[in-house]
Every structure is written in C-alpha cells, then in structure tokens.
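Everything on this sheet refers to the single structure shown next.
Here you go:
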C-alpha cells in the first residue's frame, strides 16, 4: 500500500503493432462477450473511422490507431483491464502482430502544500547544479517561482526481460488544488525478443497475463519512494 492515497488513480495498457481500428466497436466487444449489453448501450462513441476508433464506457476508455491500441481505466480492480485486453487478443485477435507493450500506472496525490511540493522538487532536481542561474530560479515572488517541471528516470538493467525498460516520470499536478499535488506515471515497457519473426500477439499477451499484478505492485512501490519524502500523514 502506498503511503499517500492518490486523489486520482489509473492504469493504462498500451500496445504497439498493427491494428484495424474500425472493428473495435462496442458492438464487436459485446458480440464476443467482452462487455455486456448494458455496457454496449451506454458506451459513448467519440469516433469510429478507418484511421481511429475511440469510445468510453463507465469503467473503460479505448483508443485505437493503425499502430497503437490503448485501453485505460480509473476504476479498480485494475486486473479487470488486463483480463479485458488479454481476452480480446488472445481469444479473438490472436493473429494481430504486437511488438511492444506498456503497463502504465498513473497517480495524482497531494503532499499538503505548495511549499512541501517545491521542497520535494528541489530534492529531486537541486538548483545548485545550475550555477548562477539556479539562484534566479527562486524568483522574486511566490507567483514567479521556478524550478523542476518534469523529471524522468530510466531503468534498463532488468532481470525479467531481454528488451524493455521501466521509466518513471514526475511533474507538478495540475489537477490537485492549492498547487500541492504531484503527478507520477510509471511505464513498465516490454518488447518481443525477435521483432522480425513476430507474427502474433502471444508473447506479449502471455507476459500481460502473468506479470500484470507484479507490474502494478512494483510501479506503486516506485511511486511510494517519492511519497515517503514527505512527512504528511
């Protein structure tokens, strides 16, 4: 469990491969038992076109382009999202070539005040390294204060994959009141070992099915390292 309960919390699964956007219609998902009739009727369709398909249901948002499939949710249990994606491709679209996959965890959480958020920002990106300009970052008034606006950290040496990485990004949140929020996203990225020979989605769907829970737990552990930098309860 993370130290601070996020005010906004979500998970997305991003696939990179070759997709046919027009087939991804709520009726197709309902016909194959991936959503129920009530969900189909309530779906808000933004667009269904040969170059893009996008719709939203109560718990799920889908966006598909010819080379990119995105499914996301802000409603737990998050394993439901993984099950949905695995069943879609493993049971019905198993010939779809998919070469890359990201399991992404995003949260917005409050650290109590703008001052505390700025203190954490300075710990992660000290102004001193910017020399004389670093002094100017402070600004002449609180409204003109500068500092870190985005920081990304990358881990590539991973024992559980030959290709891929973990990337964590931290920014000030524009969704938490009083400028007291932090926005964090962790991207757990996987790639097939032999892209030239990849003809289907089995390799990555097997990974999604077996590693989703641990991926989410590890991403939350990374986020918690930042949460522990504040003393708020």
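In this note's numbering, the protein residues as written are 220 to 452. The C-beta atom is built at its ideal place from N, Cα and C for all residues, glycine as well. Computed from a predicted model, the values in this text were never measured in an experiment.
Tell me the residue span of the beta strand (DSSP E) that contains residue 323. Against the chain shown, residue 323 aligns to sequence position 104. Run containing residue 323: 317–329, per the beta strand (DSSP E) assignment.
Tell me the residue span of the beta strand (DSSP E) that contains residue 435. Here residue 435 refers to the residue found at position 216 when the chain shown is read from its first residue. Where residue 435 is concerned, there is no enclosing beta strand (DSSP E), although the alpha helix (DSSP H) it sits in stretches over 421–446.
Give the single residue among 271, 281, 388, 266 whose Cα lies nearest to the Cα of residue 445. In the chain shown, the residue the question calls residue 445 occupies position 226. Among 271, 281, 388, 266, the Cα nearest to that of residue 445 belongs to 388.
For residue 392, is the classification buried or exposed, using 16 other Cβ atoms within 10 angstroms of its Cβ as the cut-off for buried? For the purposes of this step, residue 392 is taken as the residue at position 173 of the chain shown. Buried, because 16 or more other Cβ atoms sit within 10 Å of the Cβ of residue 392.
Taking residue 238 as the reference, give the member of 265, 252, 255, 314 with the closest Cα. As a first step, residue 238 must be located in the chain shown, where it is residue number 19. That would be 314, whose Cα lies nearest to the Cα of residue 238.
With DSSP collapsed to three states, give me the class of residue 344. What you label residue 344 is simply residue 125 of the chain shown in a count that begins at 1. Reduced to three states, the DSSP call for residue 344 is coil.
Beta-bridge partners of residue 234, as assigned by DSSP: Along the chain shown, read from residue 1 onward, the residue named residue 234 stands at position 15. BP columns for residue 234 point to 288, 320.
Please state whether the Cβ-Cβ distance between residue 235 and residue 325 is less than 9 Å. The residue labelled residue 235 in the question sits at position 16 within the chain shown. The residue labelled residue 325 in the question sits at position 106 within the chain shown. In this structure, residue 325 does not lie closer than 9 Å to residue 235 by Cβ.
Measuring CA to CA, which of 278, 419, 260, 319 is closest to residue 228? Here residue 228 refers to the residue found at position 9 of the chain shown. For residue 228, the nearest C-alpha among the options comes from 278.
If you follow the alpha helix (DSSP H) that residue 256 is part of, which residue opens it and which one closes it? As a working mapping, residue 256 is identified with position 37 in the chain shown. Here the alpha helix (DSSP H) through residue 256 covers 256–261.
According to DSSP, is residue 300 helix, strand or coil? The count along the chain shown starts at 1 and reaches residue 300 at position 81. Of the three classes helix, strand and coil, the one that applies to residue 300 here is helix, per DSSP.
For residue 377 and residue 358, the rounded distance between their alpha carbons: Indexing the chain shown from 1 puts residue 358 at position 139. Indexing the chain shown from 1 puts residue 377 at position 158. Approximately 41 Å, taken between the alpha carbons.
Using a Cβ-Cβ cut-off of 6 Å (strictly less than) and excluding sequence neighbours within five positions of residue 282, which residues of its own chain qualify? Here residue 282 refers to the residue found at position 63 when the chain shown is read from its first residue. The answer, listed in chain order, is 273, 289.
Of all the options 258, 263, 431, 394, which has the alpha carbon lying nearest to the alpha carbon of residue 330? Residue 330 sits at position 111 when you count from the first residue of the chain shown. Among 258, 263, 431, 394, the Cα nearest to that of residue 330 belongs to 394.
Could you tell me the alpha carbon to alpha carbon distance between residue 276 and residue 349, rounded to whole angstroms? On the chain shown, position 57 is the one that residue 276 refers to. On the chain shown, position 130 is the one that residue 349 refers to. Straight-line Cα distance between these residues: approximately 47 Å.
Could you compute how far the alpha carbon of residue 365 sits from the alpha carbon of residue 356? Counted from its first residue, the chain shown places residue 365 at position 146. Counted from its first residue, the chain shown places residue 356 at position 137. Their Cα atoms are separated by approximately 5 Å.
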